[in-house]
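Numbering (UniProt numbering), first residue to last: 1 to 218.
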């Protein structure tokens, strides 16, 4: 009987020791993540869809919008009570159609830099107005489809004539709730897309975001 009691007590003691170790491990892990720099609280993963096109082009009657997407990381820093400075990097694909025959898809590295201003009437969802700029480096492009049955004087877009750098302004609205973020925005480029045409890229975006580290803050 004594041996059974001692064995049972030893088992309980070992179980308690293991529980304490697990608890200590969880505490250390929580402390490690909880001590991240504060600016990382506002680092978020962003993904979304866009509708892209070309404006101010001599071919405006023959152009239509196409669908694309974007994926990237963003962060922001407070500048005041209701104002914030945002920065980020995205990979994006934007598409437009010419003559209902050919789609052109351009791939970019985008670098948005903008300010946001809180709207006090909607503090429950952290509603903000956005205004800023976006710099883009074109890293690829392709033509989907072929031209057919065209006159000799018809202008044809050519991906080999597309410029590598672009920049422009954008504006929009955003909201956030806990770890989640939502944004709608419009982008207007200022650099000609094709060297032989006046048109510049523009796009309408819907973005969804998730703050990666906020839930670890104690």
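Glycine is no exception: its CB is placed at the ideal position from the N, C-alpha and C atoms.
Residues near residue i by beta carbon distance below 8 Å, same chain, minus five either side
i: residue 44; result: 73, 74, 75, 181, 209, 210, 211 and 212
i: residue 146; result: 101 and 102
i: residue 167; result: 133, 134, 135, 136, 189, 190 and 191
Residues near residue i by beta carbon distance below 6 Å, same chain, minus five either side
i: residue 119; result: 127
i: residue 158; result: none
i: residue 92; result: 70, 108 and 110
i: residue 113; result: 87, 132 and 133
i: residue 90; result: 70, 72 and 110
Pairwise C-alpha distance: residue j and residue i
i: residue 40; j: residue 215; result: 11 Å
i: residue 87; j: residue 51; result: 22 Å
i: residue 84; j: residue 123; result: 15 Å
i: residue 60; j: residue 190; result: 16 Å
i: residue 183; j: residue 199; result: 26 Å
i: residue 149; j: residue 99; result: 11 Å
i: residue 169; j: residue 203; result: 11 Å
i: residue 57; j: residue 156; result: 12 Å
i: residue 188; j: residue 131; result: 12 Å
i: residue 137; j: residue 179; result: 30 Å
i: residue 46; j: residue 94; result: 16 Å
Residues bridged to residue i [DSSP beta-bridge criterion]
i: residue 46; result: 72 and 209
i: residue 169; result: 133 and 188
i: residue 112; result: 134
i: residue 79; result: Answer is none; residue 79 lacks a bridge partner.
i: residue 89; result: 73
i: residue 143; result: 104
i: residue 198; result: Bridge partners of residue 198: none, in fact.
i: residue 53; result: 202
i: residue 95; result: 105
Same chain only: Cβ atoms within 7 Å of residue i, ignoring 5 sequence neighbours per side
i: residue 152; result: none
i: residue 196; result: 161
i: residue 117; result: 82, 83, 128 and 129
i: residue 77; result: 39, 84 and 85
i: residue 242; result: Beyond the ends of the chain as shown, which are 1 and 218, falls residue 242; an answer cannot be given.
Contact between the segment 35 to 44 and the segment 62 to 71: three or more CB pairs below 8 Å?
no
Pairs of beta-carbons, one from the segment 141 to 151 and one from the segment 172 to 189, closer than 8 Å: are there three or more?
no
So, does the segment 106 to 119 touch the segment 56 to 64, judging by three or more C-beta pairs under 8 Å?
no
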